[in-house]
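So the protein lines, in turn, are chains D and Y.
For the first sequence, this note's numbering begins at 38 and goes up steadily by one.
For the second sequence, this note's numbering begins at 8 and goes up steadily by one.
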Amino acid sequence: DAGVIQSPRHEVTEMGQEVTLRCKPISGHNSLFWYRQTMMRGLELLIYFNNNVPIDDSGMPEDRFSAKMPNASFSTLKIQPSEPRDSAVYFCATQGYGGGRYDDEQFFGPGTRLTVL
Amino acid sequence: QKEVEQNSGPLSVPEGAIASLNCTYSDRGSQSFFWYRQYSGKSPELIMSIYSNGDKEDGRFTAQLNKASQYVSLLIRDSQPSDSATYLCAVTHRGSQGNLIFGKGTKLSVKP
Numbered sequence: 038d039a040g041v042i043q044s045p046r047h048e049v050t051e052m053g054q055e056v057t058l059r060c061k062p063i064s065g066h067n068s069l070f071w072y073r074q075t076m077m078r079g080l081e082l083l084i085y086f087n088n089n090v091p092i093d094d095s096g097m098p099e100d101r102f103s104a105k106m107p108n109a110s111f112s113t114l115k116i117q118p119s120e121p122r123d124s125a126v127y128f129c130a131t132q133g134y135g136g137g138r139y140d141d142e143q144f145f146g147p148g149t150r151l152t153v154l
Numbered sequence: 008q009k010e011v012e013q014n015s016g017p018l019s020v021p022e023g024a025i026a027s028l029n030c031t032y033s034d035r036g037s038q039s040f041f042w043y044r045q046y047s048g049k050s051p052e053l054i055m056s057i058y059s060n061g062d063k064e065d066g067r068f069t070a071q072l073n074k075a076s077q078y079v080s081l082l083i084r085d086s087q088p089s090d091s092a093t094y095l096c097a098v099t100h101r102g103s104q105g106n107l108i109f110g111k112g113t114k115l116s117v118k119p
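Structure representation (structure tokens):
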């Protein structure tokens, strides 16, 4: 299995532009998580889906952020409009029974490093 | 506010020594406890999970949990330079399956 796939790996954009981050989960994993990591705040959960349904979006910082999971193979995180304080590494992680040593193990993608100028 | 606290380090140990990493958490309802390792510029990867009080060993790693003291630790025996990374403690609590709350991590440096 290729693991969790994220694109793009790096994104540099200007303030006010729309940014879309993409994630392809590990096949068969039914839970998907979006995280943001910064030096100041560490790794924070933004939103997670179970069976394509958003379960907890309390970590989404503002209405500028939105996430979708139209099917079991694809999820997006969109920021519109982007601001310099959104600069961070955004990770997608997935989880599924039988996928690892532990049933609740989350597998992280390589991340998208976002820079908003 | 549910919090997970870790000493940011850096923690420096010589090769072959035991590295001890500590974590405290604020929510007594926390149910599951995890240690993730993150190399610089890479994504976190799970190395240990623990669910009940006591010790759990996996190779050179031992996780220790004390729910009464709201304390979880990770011991790395025979530390190797390849263990140099940031170690993230994470917890979940009942009713929030999958909602991992991470500490900010402890940076470990193992000197040859």
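For each residue, glycine too, the CB sits at the ideal point set by N, CA and C.
Note that the coordinates shown come from a computational prediction; the quantities given were computed from them, not determined experimentally.
When beta bridges are read from the DSSP output, Arg44 (chain Y) appears opposite Y:Glu52, Y:Tyr94.
Residues of chain D with a Cβ closer than 9 Å to the Cβ of Gly112 (chain Y) are, in chain order, Gly79, Leu80. Excluding the 5 residues flanking it on each side, Ser39 (chain Y) has same chain C-beta neighbours closer than 6 Å at Tyr58, Thr99, in chain order. Around Lys114 (chain Y), the same chain offers Gly16, Pro17, Thr93 as residues with beta carbons nearer than 6 Å, after the five sequence neighbours per side are excluded. Note: Glu120 (chain D) is not bridge-paired with any residue in the DSSP secondary-structure output. Of all residues in the stretch 47-61 of chain Y, the ones placed with a Cβ closer than 8 Å to any Cβ belonging to chain D are Lys49, Ser50, Pro51, Glu52, Leu53, Ser56, in chain order.
Scanning its chain for C-beta atoms nearer than 7 Å, with the 5 sequence neighbours on each side dropped, one finds around Ser27 (chain Y) the residues Ser80, Leu82, in chain order. Nearest in C-alpha terms to Gly23 (chain Y), of all of Y:Ser91, Y:Thr31, Y:Glu52, is Y:Ser91.
For Gln13 (chain Y), the enclosing beta strand (DSSP E) starts and ends at 11-13.
A Cβ of chain D is located within less than 9 Å of the beta carbon of Thr99 (chain Y). Inclusion of Gly96 (chain D) and Leu82 (chain D) in the CB contact set at 9 Å is warranted, their separation being smaller than that value.
Burial state of Gly36 (chain Y) is exposed, judged by a 10 Å Cβ sphere holding fewer than 16 other Cβ atoms. Against chain D, the beta carbon of Leu81 (chain Y) has no neighbour under 8 Å; the closest one sits roughly 15 Å away. Between the alpha carbons of Asn73 (chain Y) and Asp34 (chain Y) lies a gap of roughly 13 Å.
Near chain Y, meaning a CB-to-CB distance below 8 Å, the residues of the stretch 87-118 of chain D are Asn87, Ile92, Asp93. Taking the Cα positions, Met52 (chain D) is about 14 Å away from Ala125 (chain D).
In this structure, the alpha-carbon of Gly48 (chain Y) lies about 16 Å from that of Ala130 (chain D). CA-CA distance, Gly105 (chain Y) to Pro51 (chain Y), rounds to 15 Å.
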